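S.K.: Take this structure first; my questions come after.
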Amino acid sequence: MDVCNRSLETVRHSRNLGMEVLSAEEDGVRVRLPWREDLVGNPDTGVLHGGAIFAMMDQAGGMANSCRLFPNFEITPTIDFRVDHLHAPTPGKAVVCHASCYRLTEHVTFVRLTTWEEGKEDGEPVATALATYTRMKLDKKGRVVS
């Protein structure tokens with residue numbers, strides 16, 4: 001949980017979005033994005049902007065990698081991210097993402113992500129995604145070695 005919270009603190013857009021880590025385990029992480037007026041995509045509808053949802057999901061994917069790799073730490077920049085926005089969340093409602101790193105290779109991680117409207121985690125997802133991230137290992141001085 002500490003590693004994920006530090007990740008949120010050090011990534012400026014995550015702080016600006018107001019994201020929070022709800023849980024962090026080896027098998028995945030749950031992250032919350034609050035509804036805020038400044039995150040609305042269309043003021044006529046009041047729906048969260050898809051870009052804010054995407055940014056939350058990508059950050060959650062990186063944190064899922066950290067959970068899977070713990071206690072080791074690696075930098076995992078995004079290689080590819082495929083998101084399906086299935087329906088708009090209800091205006092005024094936060095969203096919650098579950099991200100899980102389901103496969104590791106020597107150089108790549110593979111992550112599944114699902115986002116729901118808060119309180120409706122048993123219902124139809126707002127968005128689903130598959131993502132890949134490159135693994136950049138660090139030496140003891142924090143320098144990238146591969």
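Going by UniProt numbering, the sequence shown opens with residue 1, and the numbers climb by one from there. Where a beta carbon is used, it is the ideal one built from N, C-alpha and C, also for glycine. Quantities reported herein were computed from a predicted structural model and do not represent experimental measurements.
Is D27 helix, strand or coil by DSSP?
M.R.: DSSP places D27 in coil when its eight states are reduced to three.
S.K.: Starting from R103, trace the beta strand (DSSP E) in both directions and tell me its first and last residue.
M.R.: 95-104 is the span of the beta strand (DSSP E), which, as asked, contains R103.
S.K.: Measuring straight from C-alpha to C-alpha, what distance separates K137 and M63?
M.R.: If you take the alpha carbons of K137 and M63, they lie about 15 Å apart.
S.K.: What number of angstroms, rounded off, separates the C-alpha of I79 from the C-alpha of K93?
M.R.: Cα to Cα, I79 sits roughly 30 Å from K93.
S.K.: Specify, as a first and last residue, the run of the alpha helix (DSSP H) that T92 falls within.
M.R.: The sequence given here places Gly at residue 92; Thr does not occur at that position. Element bounds for G92: n/a, residue is neither H nor E.
S.K.: Where does E121 land, buried or exposed, given buried means 16+ other C-beta within 10 angstroms?
M.R.: With fewer than 16 other Cβ atoms within 10 Å, it is exposed.
S.K.: Who are the near neighbours of E20 in its chain, counting only those whose CB is closer than 6 Å to its CB and skipping five residues on each side?
M.R.: Excluding sequence neighbours, E20 sits near R32.
S.K.: List the endpoints of the continuous alpha helix (DSSP H) containing G41.
M.R.: Segment 40-42 is the beta strand (DSSP E) holding G41; no alpha helix (DSSP H) there.
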